[in-house]
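Note sheet for the following structure.
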Amino acid sequence: MALADRIGHLFEVIHPAQRGPFSYKEVSDAIEAAGGPTISATYLWQLRKGIRDNPTKSHLEALARFFGVPVVYFFDDEAAAGIEEQLNLLAALRDAGVQQVALRAVGLSDRSLAAIQTMIEQARQLEGLGDPANEAPTKSRKS
Numbered sequence: 052m053a054l055a056d057r058i059g060h061l062f063e064v065i066h067p068a069q070r071g072p073f074s075y076k077e078v079s080d081a082i083e084a085a086g087g088p089t090i091s092a093t094y095l096w097q098l099r100k101g102i103r104d105n106p107t108k109s110h111l112e113a114l115a116r117f118f119g120v121p122v123v124y125f126f127d128d129e130a131a132a133g134i135e136e137q138l139n140l141l142a143a144l145r146d147a148g149v150q151q152v153a154l155r156a157v158g159l160s161d162r163s164l165a166a167i168q169t170m171i172e173q174a175r176q177l178e179g180l181g182d183p184a185n186e187a188p189t190k191s192r193k194s
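Its first residue numbered 52, the sequence shown is counted upward by one per residue in my numbering.
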């Protein structure tokens, strides 16, 4: 996968819930505010579109920090594939409205995670929902 595609994937997948992707200016400003290198919104657009394809190491490190991925994502196809799988899962969780639940589960023991999974399965049964692995994703229903 080309660098432009990887950067594009980050923009498409990593953004706050309830809104679209970050603008190039938002990313540029955030990188600079965090003490990173100066990187213009135009340059970010050029990288994403493949017009420019040889960023500095510091630019790639800053992009990796902003989007929360290891810098190896930009260089290693095998690592990128695994990272993209995780990013897609996180995006699905975000879009399904369960990100807060997932974030609160970070650091819990395997035993606690298993108990939570059991509770979720019981709640699905109470609501007459089937196995989510066999269903297409839908928006959450309000009671």
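Using N, Cα and C, we set each Cβ at its ideal position, and we do this for glycine too.
Looking at the structure shown, is residue i part of a helix, part of a strand, or coil, going by DSSP?
i	result
residue 80	helix
residue 123	helix
residue 192	Residue placement at residue 192 is poorly supported in this model, since its pLDDT is 44, which falls under 50; the coordinates are not used for a value here.
residue 53	coil
residue 105	coil
If distances are taken between C-alpha atoms only, which option among the options comes closest to residue i?
i	options	result
residue 113	95, 129, 100	95
residue 54	177, 155, 111, 170	111
Quick one: using the 10 Å Cβ neighbour count with 16 as the cut-off for buried, is residue i buried or exposed?
i	result
residue 58	buried
residue 120	buried
By how many angstroms is the C-alpha of residue j removed from the C-alpha of residue i?
i	j	result
residue 102	residue 179	51 Å
residue 75	residue 157	30 Å
residue 167	residue 90	43 Å
residue 81	residue 153	25 Å
residue 93	residue 161	45 Å
residue 235	residue 88	Absent from the model: residue 235. The displayed extent of the chain is 52 to 194, so no value can be given.
residue 86	residue 73	19 Å
residue 155	residue 99	33 Å
residue 71	residue 170	32 Å
residue 175	residue 144	16 Å
residue 77	residue 129	29 Å
Q.
Quick check on the DSSP output: what are the complete beta strand (DSSP E) runs of length 3 or more inside the stretch 150-185, in order along the chain?
A. none
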